[in-house]
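**Q** My structure is below; once you've seen it, I'll send some questions.
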Amino acid sequence: PTEASVMATVYEPAPGQDVSGDPPIGRPLPNVSVHLLDERGRPVAPGAAGEIHIGGAGLARGYLGRPDLTAAAFVPDPFSDAPDARLYRTGDLARVLPEGDLEFVGRLDDQVKIRGFRIECGEVEAALSAHPSVSEAVVTAMEDERGDKRLVAYTVASDAEPATPAELRRFLADRLPGYMVPANFVGLDLFPLTPNGKLDRRSLPAPAHSRPDLAESWAPPEGATQESLAAIWSQVLGVGGVGADDDFFELGGHSLLATQAVARVREAFGIELPLRAIFEAPTVSGLAAVVDQWTGATSPGEDADGERLVARRRTPGERLPLSFPQEQMWRLEAQASPRGLYNVTACHRFAGRVDQRALHRALTLLATRHEILRTSFPSESGRPWQSIEEEVSVELAVTDLGETPAPRRHEELDRRVGEEDARPFDLEVAPLFRAHLFLLGEQGCEVAITFDHLVSDGTSAYIFLSELATAYAALAKGRQPDLRPLAVQYADFSVWQRHQLTQPRLDAELDYWRETLAGMPLGPAVPFDRVPTRLNRQIVCRPFVVDPETYRGLQAVVRSGQASIFVACVAALQAVASRMGHTTDVVLSTTLSGRSRPELEGVIGFFAGVGRIRTELSGDPSLTEVLARARDRVLGLFEHQDIPFLRVRDALLPDFPTQVTAVELMAVLPIEIQYFHAAHDEWAPGVAVVERPGPDKGPGRLYFRGQLPPLSLTFLDDGARLWAECNYKVDFYEEATIERLVGGVERALAALAGEPQVRLSGLPLDGF
6 PTEASVMATV YEPAPGQDVS GDPPIGRPLP NVSVHLLDER GRPVAPGAAG
56 EIHIGGAGLA RGYLGRPDLT AAAFVPDPFS DAPDARLYRT GDLARVLPEG
106 DLEFVGRLDD QVKIRGFRIE CGEVEAALSA HPSVSEAVVT AMEDERGDKR
156 LVAYTVASDA EPATPAELRR FLADRLPGYM VPANFVGLDL FPLTPNGKLD
206 RRSLPAPAHS RPDLAESWAP PEGATQESLA AIWSQVLGVG GVGADDDFFE
256 LGGHSLLATQ AVARVREAFG IELPLRAIFE APTVSGLAAV VDQWTGATSP
306 GEDADGERLV ARRRTPGERL PLSFPQEQMW RLEAQASPRG LYNVTACHRF
356 AGRVDQRALH RALTLLATRH EILRTSFPSE SGRPWQSIEE EVSVELAVTD
406 LGETPAPRRH EELDRRVGEE DARPFDLEVA PLFRAHLFLL GEQGCEVAIT
456 FDHLVSDGTS AYIFLSELAT AYAALAKGRQ PDLRPLAVQY ADFSVWQRHQ
506 LTQPRLDAEL DYWRETLAGM PLGPAVPFDR VPTRLNRQIV CRPFVVDPET
556 YRGLQAVVRS GQASIFVACV AALQAVASRM GHTTDVVLST TLSGRSRPEL
606 EGVIGFFAGV GRIRTELSGD PSLTEVLARA RDRVLGLFEH QDIPFLRVRD
656 ALLPDFPTQV TAVELMAVLP IEIQYFHAAH DEWAPGVAVV ERPGPDKGPG
706 RLYFRGQLPP LSLTFLDDGA RLWAECNYKV DFYEEATIER LVGGVERALA
756 ALAGEPQVRL SGLPLDGF
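Dropping the structure here:
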């Protein structure tokens, strides 16, 4: 680069080495340093792509007459002892090869984000061009009709016979992570060019969202029921050409999408189809037979309960009911000690300077767009309601941390964000969110948005961050943001839910939980190492990756057992917790998204609920039987998730104290398990002071500092691999206990994948 005197690295191939392909860019010249750093200025992991930062001799002084560009491109060098040493940010991306040479993989400008993963399209193009039948390849990101981004690959065939999309997909799957494999492949005779001879990306044709290549041959849906189900699956999964014998889960479905699909089936056919039906009959033809058995009393197209979720007019000053999740959260907040325990803080990092006026306008725009961000919760005699303001004043606090020494800056930022997260809201005064912008000098800026949990759950916080980034980018350039219109507001959901969940329906759900949880053990199955007198909120994250061979084995096991990867994770954790806690009665906690209806996509609010998964492991069952028992309990949870868990607790534990300290509350919470599937943007929170997991940390971080249980496991599945995080509070657990737990879960998953007939007592678990 010119800014580093034109040459900074050199590649020297070994004698006789073939250099006919694209060579690496080599290693730094003498007196030159090269660092591969992430967007926060931290070294990337070995083999990962990072931005090339060049230091040492030969760096330019800057850009003449452009101090703003100079400050953005020439940053302090934290790796040098020399005073005033700087690094040049090239904008180029590279990784270190096993031999130690740098390999160029693309430009930051060419990166796209798909489901939170940062992807270099050039890297995918290079891998695709290595296929013998591909002469040229272009990879780009496109939005489908639902607004979801997906990778699309365009290829021009070589003289060899063109490869099918299935062959290209398999070829890339062997070379790239699953999230980097394009969703669509389009073959072209020639790429469209501009008059200057460059690629005309705007003229690339939109792909048809066709059915992926499966082992089963395609058969057309027969009859009205199959055709309706195929259409529903196409909408939920985002694929076309769904056939009669296609398996919902092999098309990319998972537990969360199954919930959405069943909700649409219920609406279309006017029946209360149980969720387990799609697990037991996962093909279009199989589920159609089940639907036909249920239909008859109601004509297709009529809502099962006679009322649809639609936007409704509201009068000024109208007292609107709380949703059931809000009702539960309001009770928890009223009992919380200390106050502020149930805040959620979402953070977004900007790489450079921020136009503070545009950011403030973006915050105000979102408050105008989402009613819930203008909502307060007055109460009389302990009975709250929602009150929506026509407009609210949104403030943007600003703190400059640029003078804080760079090594301490991140620690100071974390402390300040923690203070924001802990500061309580007055529930009767809107807005119940606040924004604080932290200026970090050459490290950019970070905005922290703190919500009261009554107006946002984790999924909503990510929706907010995404819309905030979009709105700010447009307003900073003088344009109006292009955000998808909202079909309904959160208050519409609250009113609809109150009409839908009648007392008889709630009573039926309560009867299920009374039977399921009667006499359940309180507290974690993994015994505490100690119980503090006061919590300090310190949480440690212990990540681990599930072996790829284990993951492939799990996929085969869950298909044959009509289960899911989530159920397999539940079974493994319960098996290990049973051994560690010396019990056959294991209760786990999990967070439920509460967004089963398509109208709620993009709506900000508090939808999430909690549920319990209780599995009896007596009789020394095989792992296959443990999986089956866990599957039944998980399906029961999904089918009876509408009732707030506090109502269940009140029925089961009528003497449970209404005023409890945070320590007392932690002591009765079970282990929490979460599962998120990246393939359909179903990332939600559920874990604490933890960045959004994955190879790329996503658009921001979520903080749940106060209300998290002492121990939680989060599994993350991108369709090609499975990794996990164990988060624990150091007040309760020693590191050695967590290491035993993590090692046990890894071995239990491996046994379930490879030896599912082994009995619980035969699990190779060391030390317990």
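If you count by the numbering used here, then the sequence shown holds residues 6 to 773, one letter each, in order. Yeah, the Cβ is synthetic: ideal placement off N, Cα and C, and Gly gets one too.
#1: How about V349 and A372: are their beta carbons less than 8 Å apart?
#2: Could you check what DSSP says for T596 in three-state terms: helix, strand or coil?
#3: Tell me the rounded alpha-carbon separation between S384 and L658.
#4: Quick check on the burial criterion: 16 or more other C-beta atoms within 10 angstroms. Buried or exposed for E272?
#5: Can you look up I124 in the DSSP assignment and give me helix, strand or coil?
#6: How would you label A316, buried or exposed, when you count the other beta carbons within 10 angstroms and need 16 or more for buried?
#7: Between the alpha carbons of V563 and A76, how many angstroms are there, rounded?
#8: Do E451 and P81 have their C-beta atoms closer together than 8 Å?
#9: Buried or exposed for Y467, please, with buried defined as at least 16 other CB atoms from any protein chain shown within 10 angstroms of its CB.
#10: Just the C-alpha distance for R547 and V11, rounded to the nearest angstrom, thanks.
#11: For G715, does the count of other Cβ atoms within 10 angstroms reach 16, so buried, or fall short, so exposed?
#12: Could you tell me which residues DSSP pairs with L718 in its beta bridges?
#13: Straight-line CA distance for V296 to S290?
#14: Which partner residues does Q391 have in the DSSP bridge list?
#15: Report the three-state DSSP secondary structure of M525 (helix, strand or coil).
#16: For the beta strand (DSSP E) containing T620, list its first residue and its last residue.
#17: Would you kindly work out how many angstroms separate the C-alpha atoms of V186 and A561, rounded to a whole number?
#18: Can you tell which of A427, R358 and D205 has its C-alpha closest to the C-alpha of D73?
#19: Helix or strand or just coil, what does DSSP make of R71?
#20: Buried or exposed: where does A758 fall if 16 or more other Cβ atoms within 10 Å of its Cβ makes it buried?
#21: Classify Y16: buried if its beta carbon has 16 or more other beta carbons within 10 angstroms, exposed otherwise.
#22: Exposed or buried, which one is H353 when buried takes at least 16 other CB atoms within 10 Å?
#23: Helix, strand or coil: how does DSSP classify I544 here?
#24: Please determine, among A54, G599 and S381, the residue with the shortest C-alpha to C-alpha distance to L42.
#25: Which value, in whole angstroms, describes the spacing of the CA atoms of R318 and R619?
#26: Tell me where the alpha helix (DSSP H) around S239 begins and ends.
#27: Please report the straight-line C-alpha distance between L194 and C126, rounded to a whole angstrom.
#28: R388: which of W335, G345 and D405 sits nearest, CA to CA?
#29: Which stretch, first to last residue, makes up the beta strand (DSSP E) that contains P103?
#30: Within the chosen definition, does the segment 616-631 reach the segment 499-507 through at least 3 CB pairs nearer than 8 Å?
#31: Which value, in whole angstroms, describes the spacing of the CA atoms of P287 and D252?
#32: Starting from G192, trace the beta strand (DSSP E) both ways and give me its first and last residue.
#33: Can the beta-carbon of N189 be found closer than 8 Å to that of P225?
#34: By the 10 Å Cβ neighbour count, where 16 or more other Cβ atoms means buried, how is K734 classified, buried or exposed?
#35: Quick check: the Cα distance between P326 and Q265, rounded to an integer number of angstroms?
#36: Check whether the segment 361-371 touches the segment 460-477, counting contact only when three or more Cβ pairs, one atom from each stretch, lie closer than 8 Å.
**A** In short:
#1: Cβ atoms of V349 and A372: not closer than 8 Å.
#2: strand
#3: 26 Å
#4: Taking every protein chain shown into account, the CB of E272 has 16 or more other CB atoms within 10 angstroms, so this residue is buried.
#5: Looking at I124 - three-state DSSP - the assignment turns out to be strand.
#6: exposed
#7: Between V563 and A76, the alpha-carbon positions lie close to 53 Å from each other.
#8: no
#9: By the neighbour-count definition (other C-beta atoms within 10 Å, threshold 16), Y467 is a buried residue.
#10: 43 Å
#11: It is worth fixing the name first, because residue 715 is Pro in this sequence and not Gly. Its Cβ being crowded by 16 or more others within 10 Å, P715 is buried.
#12: I678 and C731
#13: 10 Å
#14: L325
#15: coil
#16: G614 to E621
#17: Answer to the nearest angstrom: the Cα atoms are 21 Å apart.
#18: R358
#19: coil
#20: With 16 or more other Cβ atoms within 10 Å, it is buried.
#21: With fewer than 16 other CB atoms across the displayed protein chains lying within 10 angstroms of its CB, Y16 is exposed.
#22: buried
#23: strand
#24: A54
#25: 42 Å
#26: G228 to L242
#27: Looking at the sequence provided, one finds Asp at residue 194 rather than Leu. Distance between the alpha carbons of D194 and C126 is about 21 Å.
#28: W335
#29: First-last for P103: undefined, no H or E at that position.
#30: no
#31: 5 Å
#32: Taken as a continuous stretch (DSSP letters only), the beta strand (DSSP E) holding G192 covers N189 to L193.
#33: no
#34: buried
#35: If I take the Cα positions, the gap works out to 25 Å.
#36: Taking a cut-off of 8 Å for Cβ pairs, the segment 361-371 and the segment 460-477 touch, as three or more such pairs fall below it.
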